[in-house]
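Chemist: Just passing along the structure, written as structure tokens.
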Amino acid sequence: MFALGFFLLTGLVCQSLGQYDYYDEYYVPSAPLEEPSSPHCSQECECPFSFPTAMYCNGRDLKFIPIVPSGIKYLYLQDNHIEEIKAGVFDNATDLRWLILDNNNITSDKIHGGTVDKLKKLEKLHFSNNRLTKPPSSLSKSLDELKLIGNQLSSFPANTLSGMENLTTLHLSKNKLTTESITGAFKSLKSLVLLDVSENKLKKLPSGVPPSLLMLYADHNDIDGIPNGYLAKLPALQYLRVSHNKLVDSGIPAGVFNVSSLLELDLSFNKLKSIPEISESLEHLYLQVNEINKFDLANICKFSSPVNYSRLRTLRLDGNNITHRSLPDDTANCLRQASEIIFD
């Protein structure tokens, strides 16, 4: 029988519940301290001489967007009380590249025409933690990053992202989106690398996702299965997170996760009773808090040899119905690269 001493020796058994660190979704550069503002700047804001194309209006209790002078490319308006984007505020801002509007009170019906839609050079639009019920329309085809986290989106028209071939990052988490409401929304995104649809009301993984996708986050939804061949259509996918859903064994087709591109697979906090079949290339597998009652080594390694073994470095099994005693005899050969295996 495989000895527990192997795990103790290599430090595999631990109690840590952390598995990856999330980056700060709302980070933006701060204005240089104690630096005079250029005279062309709006009086409510700062335009440092050392960064003359940026205007910092963040955290100033603003209830409106001040007129943006020409030459400004980076506009920071987060952490205010803005409720409306009035016509005319961006008339001179034809070169605007970044527009940061996080943490305000803007509603969809208060985004007037001739404002955001006229910013044709815009590359980054951060609109998280507002009160939007639908995304802004007629967005710039130059966008490479769009963040709409923490709104009240229940509608996402299929043509919203049409023609955005430069879009690489799309954050739609913490909204009220359903599977039907995002149907067809991603089909024209040829460069998309990250799609975050976590904390919504999805019953299925999003369809029509482009093959360029590297990261797909769908945690905290109502997903109960993975379509057969879903990952085979995403040859670049390396990170898939479907934790805190309703996945069951019958919703996992044989071999659906057995794709060589995948490096991290998070299926924690679901209702799985067995370890799904995975590729030997997978490096991180999170299965904690399921209903797993057996350790099927064949789903991790078809067979073990000097050249055939799993590349798993992390395997979490805490919160299931198995212990280290459930490990088959050949586990050491199969999981020879593991640095962390966690039971209760």
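Using mature numbering (1 follows the signal peptide of the UniProt record, and there is no 0), the letters of the sequence shown correspond one by one to residues -18 to -1, 1 to 326. Every residue, glycine too, gets a C-beta built ideally from N, C-alpha and C. Small disclaimer: the values here were computed from a predicted structure and weren't measured.
Flag this pair as touching only if the region 88 to 104 and the region 24 to 43 have three or more C-beta atom pairs under 8 Å; answer yes or no.
Modeler: No: fewer than three Cβ pairs fall under 8 Å.
Chemist: Taking 7 Å as the cut-off, decide whether the C-beta atoms of A75 and G96 are in contact.
Modeler: Counting from one through the sequence shown, the residue named residue 75 turns up at place 93. Counting from one through the sequence shown, the residue named residue 96 turns up at place 114. Taking 7 Å as the Cβ cut-off, A75 and G96 do not qualify as a contacting pair.
Chemist: Is the distance from the Cβ of E246 to the Cβ of Y221 below 7 Å?
Modeler: Your numbering for residue 246 matches position 264 in the sequence shown. Your numbering for residue 221 matches position 239 in the sequence shown. Yes, the Cβ-Cβ distance between E246 and Y221 is below 7 Å.
Chemist: Look up A36 in the DSSP assignment and say whether it is helix, strand or coil.
Modeler: Translated into the one-based positions of the sequence shown, residue 36 becomes position 54. It is a strand residue.
Chemist: Can you tell me which of the three DSSP states I64 falls into?
Modeler: Here residue 64 refers to the residue found at position 82 of the sequence shown. In the structure shown, I64 sits in coil (DSSP, three-state: anything other than H, G, I, E or B).
Chemist: Between Q60, K228, L254 and F72, which has its C-alpha nearest N303's C-alpha?
Modeler: For the purposes of this step, residue 303 is taken as residue 321 along the sequence shown, with counting starting at 1. Residue L254 is the option with its Cα nearest to N303.
Chemist: Within a Cβ cutoff of 6 Å, which residues of the same chain sit near H108, ignoring the five residues on either side of it in sequence?
Modeler: As a first step, residue 108 must be located in the sequence shown, where it is residue number 126. Around H108: I82, D84 and K129.
Chemist: Take the Cβ of A200 as the centre, count every other Cβ of all protein chains shown within 10 Å, and call the residue buried at 16 or more, exposed below.
Modeler: As a first step, residue 200 must be located in the sequence shown, where it is residue number 218. Classification of A200: buried, given that the 10 Å Cβ count is 16 or more.
Chemist: Does H63 pass the burial test, meaning 16 or more other C-beta atoms within 10 Å, or should it be called exposed?
Modeler: Within the sequence shown, numbered from 1, the residue matching residue 63 stands at position 81. Looking at its Cβ environment, which holds fewer than 16 other Cβ atoms inside 10 Å, H63 is exposed.
Chemist: In the structure shown, what three-state DSSP assignment does D178 receive?
Modeler: By one-based count along the sequence shown, residue 178 stands at place 196. Reduced to three states, the DSSP call for D178 is strand.
Chemist: Please give me, in chain order, every unbroken run of the beta strand (DSSP E) with length at least 3 that falls completely inside the region 228 to 285.
Modeler: Counting whole runs of 3 or more residues, the region 228 to 285 contains the beta strand (DSSP E) stretches 246 to 248 and 266 to 268.
Chemist: By a C-beta neighbour count over all protein chains shown, 10 Å radius and 16 as the cutoff for buried, is S292 buried or exposed?
Modeler: Counting from one through the sequence shown, the residue named residue 292 turns up at place 310. Buried, since its Cβ has 16 or more Cβ neighbours within 10 Å.
Chemist: Bridge partners for H108 per DSSP, in chain order?
Modeler: Start at 1 with the first residue of the sequence shown, and residue 108 comes out as number 126. H108 is bridged to I82 and K129.
Chemist: So for K92, helix, strand or coil by DSSP?
Modeler: Taking the first residue of the sequence shown as position 1, residue 92 is located at position 110. It is helical.
Chemist: Based on DSSP bridge pairs, tell me the residues matched to N160.
Modeler: Within the sequence shown, numbered from 1, the residue matching residue 160 stands at position 178. One detail in the question is off: residue 160 reads as Thr in this sequence, not Asn. K183.
Chemist: With distance defined between alpha-carbon atoms, name the residue in S243, S194, E259 and C27 nearest to N148.
Modeler: Reading the sequence shown from its first residue, position 166 is the one you call residue 148. With distances taken between Cα atoms, N148 lies closest to S194.
Chemist: I need the DSSP call for R223, collapsed to helix, strand or coil.
Modeler: Position 241 of the sequence shown holds residue 223. The answer is strand: DSSP assigns R223 an E or B state.
Chemist: Give me whichever residues DSSP pairs with L317 in a beta bridge.
Modeler: On the sequence shown, position 335 is the one that residue 317 refers to. According to DSSP, L317 bridges with nothing at all.
Chemist: On the DSSP letters alone, give me the boundaries of the beta strand (DSSP E) that M146 sits inside.
Modeler: Here the question's residue 146 lines up with position 164 in the sequence shown. Looking at the DSSP string, M146 is not in any beta strand (DSSP E), and its letter there is neither H nor E.
Chemist: For H202, which of helix, strand or coil comes out of DSSP?
Modeler: Here residue 202 refers to the residue found at position 220 when the sequence shown is read from its first residue. H202: coil per DSSP, three-state reduction.
Chemist: Just mark G145 as buried or exposed, buried being the case when its beta carbon has 16 or more other beta carbons within 10 Å.
Modeler: Residue 145 sits at position 163 when you count from the first residue of the sequence shown. G145 should be labelled exposed.
Chemist: Going by DSSP in three states, R307 sits in which element: helix, strand or coil?
Modeler: Here residue 307 refers to the residue found at position 325 of the sequence shown. Helix, per DSSP.
Chemist: Taking the straight line between their C-alpha atoms, what separation do you get for L101 and L121?
Modeler: Within the sequence shown, the letter at position 119 stands for residue 101. Within the sequence shown, the letter at position 139 stands for residue 121. Cα to Cα, the separation comes out at about 8 Å.
Chemist: If you run the structure through DSSP and keep just helix, strand and coil, what is L195?
Modeler: Translated into positions along the sequence shown, residue 195 becomes position 213. The answer is coil: DSSP assigns L195 none of H, G, I, E or B.
Chemist: For I324, which residues does DSSP report across the bridge?
Modeler: Against the sequence shown, residue 324 aligns to sequence position 342. I324 is bridged to R298.
Chemist: Given a threshold of 16 other Cβ atoms within 10 Å of its Cβ, counted over all protein chains shown, does Y5 qualify as buried or as exposed?
Modeler: Along the sequence shown, one-based indexing puts residue 5 at 23. Summary for Y5: the model assigns pLDDT 47, below 50, so the residue's position carries little reliability; its value from the coordinates is reported in the next sentence. Exposed: under 16 other Cβ atoms inside 10 Å.
Chemist: Kindly list the residues whose CB is nearer than 8 Å to the CB of L59, restricted to its own chain and excluding five residues on each side of it in sequence; keep chain order.
Modeler: The count along the sequence shown starts at 1 and reaches residue 59 at position 77. Hits under 8 Å: C39, N40, L44, I47, L81, I82, L83 and N86.
Chemist: Please classify D312: does DSSP put it in a helix, a strand, or coil?
Modeler: Here residue 312 refers to the residue found at position 330 when the sequence shown is read from its first residue. Coil at D312, not helix or strand.
Chemist: Between which two residues does the beta strand (DSSP E) holding H153 run?
Modeler: Along the sequence shown, one-based indexing puts residue 153 at 171. Unbroken beta strand (DSSP E) run through H153: T151 to H153.
Chemist: Would you decide whether F251 is buried or exposed? Buried here means 16 or more other CB atoms lie within 10 Å of its CB.
Modeler: On the sequence shown, position 269 is the one that residue 251 refers to. Buried, since its Cβ has 16 or more Cβ neighbours within 10 Å.
Chemist: Would F325 be called buried (16 or more neighbouring beta carbons within 10 Å of its own) or exposed?
Modeler: In the sequence shown, the residue the question calls residue 325 occupies position 343. Under this definition F325 is a buried residue.
Chemist: Alpha carbon to alpha carbon, how far is S119 from L309? Give it in angstroms, no decimals.
Modeler: What you label residue 309 is simply residue 327 of the sequence shown in a count that begins at 1. What you label residue 119 is simply residue 137 of the sequence shown in a count that begins at 1. So the two alpha carbons sit approximately 54 Å from each other.
Chemist: Output the boundary residues of the beta strand (DSSP E) element that contains Y291.
Modeler: Start at 1 with the first residue of the sequence shown, and residue 291 comes out as number 309. Counting along the chain, Y291 falls outside any beta strand (DSSP E), and DSSP gives it neither H nor E.
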